[in-house]
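In terms of the working numbering, the sequence shown has 906 at position 896, counting the first letter as 1, and numbering is strictly consecutive. Structure first, then comments.
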Amino acid sequence: MPHHIPWTVNVREHPGSSKDDISNEPDWSNAHQHRVGFRNRQGRMPGVTHQDDEAGDVPGLIRSSSSSEPDEEEEDFDEQAKKDYKRLEAKAKKGDLINFRDIITNEKDFHLRYPENRSLGWRFVLEATEDWVKNEEDWPANIQKRQKEEAAKKEKETHTSDGVAISGRSKESKEKPSHEESGQEENDWKRKDGENSKHNDAYAADDEHSDQSDKDGSDDEEQSEYQKLLDRYSPQEIALLRALQHEKDYRYKLTQNDGKRESPQTHNRSTISIDEQDQFSPDNWLPRSEDLIRLTGKHPMNAEADLTRLFEESQKCELITPNELHYIRNHGAVPRLLWEFHKLDVENGKLTLCMNDLRDNFEHINIAVALACDGNRRKELNMIRKSKGFNWGAGATGCAYWKGPLLRDVLEAAGVKAGKYTGEGKLRWVNFQGADDPSEGKYETCITLDYAMDPANDVILAMYMNDVPLPPDHGYPVRLLIPGYVGGRCVKWLSKIWITDYENQSHYHIWDNRVLPSFITEKDGEFANAMFAHPDTACNEQNLNSVIVKPAQGEKIPLTKARHGQTYRIEGYAYDGGGHEVQRVEVSLDGGETWLYCIRKFPEYPIRHGNKFWTWLHWYVDVSVVHMLSAKSIAVRAWSVFKNTQPERAIWNTMGMMNNCWYQVKPEIQQSKDEDVPHMFFRHPCEPGTGDGGWMKPSVENQIASAKQEAGAPQKQFTREEIEKHSTENDCWLVVDQKVYDCTSVLAWHPGGKAAILGHAGKVHAETSDEFASIHDGFAYQKLKECILGVVTEKAANFITANAEAAAKEKANSKNDDQDIVLQKHRWVPVELLERKALSEDTRSYIFGLPDDMKDLGLGTCQHIQLGFHLKDKMLIRSYTPTKPLLPDPKKASKHDPAAKPSKSTASSPSPSSDIQSMQDGHGTFELVIKTYFPTSSQPGGAMSNILDCMPIGEEIEIRGPTGEIVYNGNGSFTIEDKEMKFKKISLVLGGSGITPGYALIARALLGAGEDVEVRVVDANKSEKDILLREELDHFVKESKGRLKVTHVLSHPSEEWKGLKGHVNADIIKKSLFPPEEGSVTFLCGPPAMIQKAALPALREWGYKEDVNVFGF
11 MPHHIPWTVN
21 VREHPGSSKD
31 DISNEPDWSN
41 AHQHRVGFRN
51 RQGRMPGVTH
61 QDDEAGDVPG
71 LIRSSSSSEP
81 DEEEEDFDEQ
91 AKKDYKRLEA
101 KAKKGDLINF
111 RDIITNEKDF
121 HLRYPENRSL
131 GWRFVLEATE
141 DWVKNEEDWP
151 ANIQKRQKEE
161 AAKKEKETHT
171 SDGVAISGRS
181 KESKEKPSHE
191 ESGQEENDWK
201 RKDGENSKHN
211 DAYAADDEHS
221 DQSDKDGSDD
231 EEQSEYQKLL
241 DRYSPQEIAL
251 LRALQHEKDY
261 RYKLTQNDGK
271 RESPQTHNRS
281 TISIDEQDQF
291 SPDNWLPRSE
301 DLIRLTGKHP
311 MNAEADLTRL
321 FEESQKCELI
331 TPNELHYIRN
341 HGAVPRLLWE
351 FHKLDVENGK
361 LTLCMNDLRD
371 NFEHINIAVA
381 LACDGNRRKE
391 LNMIRKSKGF
401 NWGAGATGCA
411 YWKGPLLRDV
421 LEAAGVKAGK
431 YTGEGKLRWV
441 NFQGADDPSE
451 GKYETCITLD
461 YAMDPANDVI
471 LAMYMNDVPL
481 PPDHGYPVRL
491 LIPGYVGGRC
501 VKWLSKIWIT
511 DYENQSHYHI
521 WDNRVLPSFI
531 TEKDGEFANA
541 MFAHPDTACN
551 EQNLNSVIVK
561 PAQGEKIPLT
571 KARHGQTYRI
581 EGYAYDGGGH
591 EVQRVEVSLD
601 GGETWLYCIR
611 KFPEYPIRHG
621 NKFWTWLHWY
631 VDVSVVHMLS
641 AKSIAVRAWS
651 VFKNTQPERA
661 IWNTMGMMNN
671 CWYQVKPEIQ
681 QSKDEDVPHM
691 FFRHPCEPGT
701 GDGGWMKPSV
711 ENQIASAKQE
721 AGAPQKQFTR
731 EEIEKHSTEN
741 DCWLVVDQKV
751 YDCTSVLAWH
761 PGGKAAILGH
771 AGKVHAETSD
781 EFASIHDGFA
791 YQKLKECILG
801 VVTEKAANFI
811 TANAEAAAKE
821 KANSKNDDQD
831 IVLQKHRWVP
841 VELLERKALS
851 EDTRSYIFGL
861 PDDMKDLGLG
871 TCQHIQLGFH
881 LKDKMLIRSY
891 TPTKPLLPDP
901 KKASKHDPAA
911 KPSKSTASSP
921 SPSSDIQSMQ
931 DGHGTFELVI
941 KTYFPTSSQP
951 GGAMSNILDC
961 MPIGEEIEIR
971 GPTGEIVYNG
981 NGSFTIEDKE
991 MKFKKISLVL
1001 GGSGITPGYA
1011 LIARALLGAG
1021 EDVEVRVVDA
1031 NKSEKDILLR
1041 EELDHFVKES
1051 KGRLKVTHVL
1061 SHPSEEWKGL
1071 KGHVNADIIK
1081 KSLFPPEEGS
1091 VTFLCGPPAM
1101 IQKAALPALR
1111 EWGYKEDVNV
1121 FGF
């Protein structure tokens, strides 16, 4: 398989962590989610504020636009918006410096103006990355930084660490794979590895010339009837009789679909939250169902629904699948196409259609079509031998209504004439190109023109799915839909259509969606080159397939049900390609010796053009539970109109495509210690993705390959702290199976795109290993092995294990039972900017409204919310602590929680914060106070703060949480990582915007009833104007009767300042805070340098101990 970038690996030398670092590494086995300076499970560093947004506030202020609302333009909104965006693009190409204020004020949000043209949950995205604005543009600060880095690099290359000039030895001392080894093709690697006997000697040489959900017989009459039949007929005959009686009438009553019907599926997704798994990918703007099982890790999105859920939810609406449960197959990031900008080019400019043209100027048809990936059921093949594809289960299918104009009508409008051949007798092809940009070039494919022009084939340019605009994952705003064809031919995000007299030669047309002979096991070498380009290996029409859904994987039937007359309904689905009817479905309980005829059920109006069946069908058969008890297995097979049926055994191929062997479910008798009655337990062949509950187990060949992958690694060790430093595109380390790899060079050519790797860069967790194993084959492990640096330390390995267990437990317990609470720990929820108010020249108060009339934010005192804004490559994320609400909703507060109720004396006191009720949760809003780090002539300023300062009122931003596992419950009681702790003397070391979590604690400690804790605060800032919430703090000090003392420290104060000057140091800390005695605790939050280099060392020296009485917010 040719690659436009060679698959070469370059690993940079690293000596590993030092003996002292390894010896002094903390014991991570107890998780320590609040250890200052280390990333927690949310990817946030406790105790330190975001260093980029705390960047110096220096002279030369640039305000490229104000934070006021945009004036009404005299020109048409659409045209003006396009002009503004083109102007911004031109400035960027020219090399002018662009900051975040420029971008957000020149990129208009169309979905606020035209929501009807958007799919549900559409989000506004800035078409830029934080890295480009801050690090790649030629800001003077960046130029200076690059010069320093280049000088340091040169010094390192020419001198040793003690300053001695290097001479007479190679600068590259590490042994690396040779270019031949690193860039070798898989075919050569397998031959070198001994896999050279795949071509059978028998080939001639040149000179010689393949429950019922427990239909338990509750109705006596039915039992009696069944018993009578059982006296005369076998179970097979009874099933057959029922099927024939049913189908005698049912089949004749099936009716035509005229293409004008509406989808009966009206239960499409209503939730619009975004999964945290997408936050660090280009798909960060997409709402996706949490019911889908992801098969290729976080990115790109490839997913299927749980098989039972897919089946049952489709049954509720005449066998039509909800959009949110339809399988998703993406090769890369979903392109963010705007309805107003996107154009469809037909025949190289002969016809150019905007989306309004396509919607309004052509007649649309709306028909039900079953779509399936040709990799459906691939995991069964992967259990035999790892293929090139990931682990699809049996849920890579669905049946939805698709609506749009016929392709033939659009081609005719472009002047294309029907005709199978050119005048020279060459076959004519219609080609399609998507707007996405996967790793190997544009996604293109083709079909024959005569097939496309035949109106009986219903080839559609679909714009709607189940009568709503296409979800982005399914091709918004327009996709090709070829009924009866495999999903891989139905190009999404369609941008170009053209006619040729030769078959498409693009990468994805040649090197994907193919079934090759089993002796070809790789995608390079001469045999692969010949067969991938062979016209007869292409997958076009879908193949015949059937699957058992019930009994479900893991289903149990107590043996008490195995009584005479008790029946069970076995159910599943079936489909065929090319519009061919599935004419028969059969189930065997005895390994295929005898077969039971099944009853079929089609969606309403399944027939097109008299004989075309584009939909799937569901089938069932009722059998005796006693008969099931003696079953060897439960197998299903379907029959086509050509009287062909499915093969018994799987036929392996290197792409893992078109598996349609018998689908077999196997029962076993089980009884656990706490069960009185044994039960039948059912296993499907395998579970999708990394699930391991099926009856198929890895073959011996797979086990040998796995053993080879485990073998060998340099013994250099790396601490968690060292690994977490290497988390960028220019320095990217991964931890897989507790080994450390430098994958920086892989980003340029990784077939799944760099985002799939960067989501795991510098992460010391088990997810990377799980995701890598679920996707990659032996050759991928070989390439990974070339990136090896060493292994994690024993303590880091323990951390991976402990953190995985804690994360699984936390996720299992994170379901929010209170439907009125907005915050979700693992999903992003949109909130609307309602109000922005200037508190000073650079500080703003922002009021956000909660969605869907929800009233409660649901944040514990001292916890944070994460604020997210959508950028081109990933979500921009910052953590903030709201300044309102600060107290729990009294309507939800426990009667045993007196801290939830304000004290009378404090409540009656006038204050700048005014009414205590406004500080309580339950008002449907929350407030953030944020300092804006404006751009200057030398640097672009803070990303989030400038976006918030310029975004229009009414725009949405995402929130997630709560984050932070420190919760103040009142009266000195804290919950820290699920442990209850009591402290009566609370010290806070805060700096800059780090004041806000401390402010929340102060407010709760002073406003709660019965509070008697004492609080001491060191608050460090640059100047007087930088002190956030100063009036509120002064008021709390005044009203506290000595329980609160605040010491302000300024590094650049005015001459009028009477307080402490300079930087936080040990003397200030000891004079201002409580000593490390029983009942005393210190919490930290501020700029990294202040916290990690000044405050934390001073506290340690004084006697404080991390994770005992000092923690980072």
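Positions of the beta carbon are idealized from the N, C-alpha and C atoms, including for glycine. The model shown is predicted, which means the values in this text are computed figures rather than measured ones.
- DSSP places Q876 in the strand class (E or B) of the three-state scheme.
- The DSSP-derived three-state label of L98 is helix.
- Shown here for E658: same chain residues with a beta carbon closer than 7 Å to its own, the five before and five after excluded, namely G602, C671 and W672 in chain order.
- Closest in alpha carbon position to A1010, among V1023, S983 and Y978, is Y978.
- Out of H836, V999 and F984, the CA that lies nearest to the CA of K992 is found in F984.
- The C-alpha of A1099 is placed about 22 Å away from the C-alpha of F1084.
- Per the C-alpha coordinates, the member of P613, I567 and L639 positioned closest to V687 is I567.
- With contacts defined as CB atoms closer than 7 Å, A1030 and V1091 fail to qualify as a contacting pair.
- Between N441 and I520 the beta-carbon gap is near 13 Å, outside 8 Å, which marks them as no contact.
- Under the DSSP assignment, L302 falls in the beta strand (DSSP E) whose first and last residues are L302 to R304.
- Counting only runs of at least 3 residues, the segment 444-521 fully encloses the following beta strand (DSSP E) elements, listed from N- to C-terminal order: 454-458, 470-472, 489-491 and 504-510.
- Under the three-state reduction of DSSP output, N34 falls in the helix class.
- Between the segment 376-388 and the segment 605-621 there are three or more C-beta pairs closer than 8 Å, enough to call the two in contact.
- Taking all protein chains shown into account, T729 has 16 or more neighbouring C-beta atoms within 10 Å of its C-beta and is therefore buried.
- Within the segment 799-840, the complete alpha helix (DSSP H) segments of 4 residues or longer fall at 804-822, listed in chain order.
- Within the segment 369-455, the beta strand (DSSP E) runs of at least 3 residues that lie entirely inside it are, in chain order, 374-382, 407-415 and 439-444.
- Boundaries of the alpha helix (DSSP H) around T168: P150 to T168.
- Going by beta carbons, E35 and T803 fall inside the 7 Å limit.
- In terms of Cβ geometry, K735 and G800 do not form a close pair [threshold 7 Å].
- Here the segment 761-772 does not lie against the segment 701-713, with fewer than 3 beta-carbon pairs under 8 Å apart.
- By the criterion of a C-beta distance shorter than 7 Å, A548 is surrounded in its chain by N523 and R524, once the five residues flanking it on both sides are discounted.
- In the same chain as S283, and ignoring 5 residues on each side of it, the C-beta atoms closer than 7 Å to its own belong to P297, Q834, R837, W838 and V839, in chain order.
- Under DSSP, the beta-bridge partners assigned to Y673 are V646.
- Relative to Y337, the option among E565, W402, C797 and P1097 whose CA is nearest is W402.
- Taking a contact as a CB-CB distance under 8 Å, the pair M393 and P708 counts as one, their CB atoms being some 6 Å apart.
- Rounded to the nearest whole angstrom, the CA to CA distance from A816 to P972 is 16 Å.
- Under DSSP, T276 shares a beta bridge with no residue.
- Annotated three-state conformation of E146 is helix, per DSSP.
- Its Cα nearest to that of S556, the residue W626 stands out among I1101, W626 and K1103.
- Relative to D741, the option among W17, T18 and R22 whose CA is nearest is R22.
- Boundaries of the beta strand (DSSP E) harbouring K566: K566 to P568, taken from the DSSP string.
- The residues P1085 and P1086, in chain order, have a CB closer than 8 Å to that of G1113 in the same chain once the five nearest residues on each side in sequence are set aside.
- Beta bridge pairing from DSSP links S556 with A584.
- Burial is judged here by how many other beta carbons sit within 10 angstroms of a residue's own beta carbon; V344 has at least 16 and is buried.
- As the crow flies, the alpha-carbon of Y583 is around 33 Å from that of K533.
- A check of alpha carbon separations from K118 across D94, E140 and K104 identifies D94 as the nearest.
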